[in-house]
Amino acid sequence: MATEMSLKLLVDMNSKRVLFAEAEKEIVDFLFSLLIMPMGTIVRLLSPHHASAGCFGNLYNSVQNLGDMYLQPNTDKAPLLQPKIAYSPLTTGVQRQDTLPLLLLQDAESEQSKSTSPPQRVKYYRNSARICGHLSNVAGTRCPCGWDMNMELQLIEPKTVAAGARGYVKELVTYMITDDLVVTPMSTISSITLLSRLGVKGICNLEEVSVKLDKEQGLALLRAALQSKSVLTDVFLMEGAPQTPADSKRMEEPIVAEPKKAS
3 MATEMSLKLL VDMNSKRVLF AEAEKEIVDF LFSLLIMPMG TIVRLLSPHH
53 ASAGCFGNLY NSVQNLGDMY LQPNTDKAPL LQPKIAYSPL TTGVQRQDTL
103 PLLLLQDAES EQSKSTSPPQ RVKYYRNSAR ICGHLSNVAG TRCPCGWDMN
153 MELQLIEPKT VAAGARGYVK ELVTYMITDD LVVTPMSTIS SITLLSRLGV
203 KGICNLEEVS VKLDKEQGLA LLRAALQSKS VLTDVFLMEG APQTPADSKR
253 MEEPIVAEPK KAS
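The sequence shown begins at 3 in our numbering and counts up by one.
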């Protein structure tokens with residue numbers, strides 16, 4: 003996943019709010035990737051603003067400050083404070099930086115800098131006499147059937163997904179994202195319906211604004227998504243996103259006709 007992405011906002015300049023955003027696959031994949039992030043990771047990413055995660059910030063600090071003498075033997079805090087994402091179409095196959103969720107790129111770089119050798123593959127064994135469904139990650143373990151488990155199982159890796167097929171949603175489709183993060187395929191009918199539902203009578207006061215989404219704004223978006231129902235407005239308007247004349251385009255024609263007055 004790229005370190006910086008772009009999207010277009012349709013902004014009501016009178017009310018200073020984002021009506022919806024027009025986005026490509028990368029933006030939608032980023033938003034959907036927020037759903038697979040463990041709570042411990044979310045709290046850590048929002049640090050030092052733990053209040054953004056409510057009482058989960060207190061839980062995180064409690065684990066962080068708890069002395070090792072209170073932990074069970076051989077218990078590590080890392081799975082709680084820095085949990086791993088078990089599965090994601092963004093992280094399957096080879097762990098490359100362009101396949102990781104935007105907010106976790108720094109973690110990946112840190113892990114790569116610490117690691118001096120490739121990770122060891124876990125081996126599993128079964129007994130050679132019969133297939134009973136039992137296995138062990140320690141060679142020679144006695145099976146409940148009474149046989150030693152010394153036959154190594156062969157792990158069949160899934161085929162690497164093509165770079166263009168990574169993520170959650172398909173390319174060649176433009177998506178509409180509302181201010182409260184409802185994501186749907188973009189269409190003229192859906193956008194007109196949304197504008198009508200929001201009470202927009204014309205588009206003379208609307209502007210199309212192009213903005214960038216990087217890690218900093220990604221964190222702001224994550225924080226706002228936990229607290230607000232006007233996420234895009236809070237992140238890109240309230241927090242001073244660049245809106246230069248080159249980045250914006252004013253709409254000139256009304257989109258919804260005013261009702262005629264009775265004669």
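Where is the CB? At the ideal position from N, CA and C, for every residue including glycine.
On a predicted model such as this, the values are computed, not experimentally measured, just so you know.
Check                                                                                                           : Outcome
Cutoff 6 Å; reference Thr143; Cβ partners in own chain excluding five residues on either side                   : Met151
Assigned exposure category for Met7 - 16 Cβ within 10 Å defines buried                                          : buried
Val96 versus Ala23 - alpha carbon distance                                                                      : Note that Val96 has pLDDT 37, beneath the 50 cutoff, so the model's placement of it is unreliable and the number below is only indicative. Roughly 32 Å between the two C-alpha positions.
Residue span of the alpha helix (DSSP H) that contains Glu28, given as start and end                            : Lys27 to Ser35
Residue span of the beta strand (DSSP E) that contains Tyr127, given as start and end                           : Tyr127 to Asn129
For Asn63, three-class secondary structure by DSSP                                                              : helix
Whether Val211 touches Leu48 by CB criterion (8 Å)                                                              : no
Rounded C-alpha distance that separates Tyr62 from Asp70                                                        : 15 Å
Ser64 burial status per 10 Å Cβ neighbour count (16 or more: buried)                                            : exposed
Nearest-angstrom Cβ-Cβ length linking Tyr177 and Val30, presumed shorter than 8 Å                               : 5 Å
For Met41, the nearest candidate out of Ile87, Leu155 and Leu73 (CA to CA)                                      : Ile87
For Lys214, the three-state DSSP class (helix, strand or coil)                                                  : strand
Three-state secondary structure (DSSP) of Met71                                                                 : helix
For Asn139 and Arg132, the rounded distance between their alpha carbons                                         : 18 Å
Proximity winner among Gln156, Asp181 and Leu174, relative to Val233 (alpha-carbon distances)                   : Asp181
Close Cβ partners of Lys27 (< 6 Å) along its chain, the five nearest in sequence each way excluded              : Val171 and Glu173
Own chain partners of Ala141 with C-beta closer than 8 Å, once the 5 adjacent residues on each side are dropped : Lys125, Tyr127, Met151, Asn152 and Glu154
With 16 other Cβ atoms within 10 Å as the buried cut-off, status of Asn129                                      : buried
Nearest residue (CA-CA) to Phe238, options Tyr72, Ala227 and Val213                                             : Val213
Secondary structure of Arg290, DSSP reduced to three states                                                     : No statement about residue 290 is possible, as the shown extent of the chain runs from 3 to 265 and does not include it.
Proximity of Ala227 and Leu183 at Cβ, strictly below 8 Å                                                        : yes
Residues near Cys147 in its chain [Cβ-Cβ closer than 8 Å; skip 5 each side]                                     : Asn129, Ala131, Arg132, Cys134 and His136
The beta strand (DSSP E) enclosing Thr186, as first and last residue numbers                                    : Val185 to Pro187
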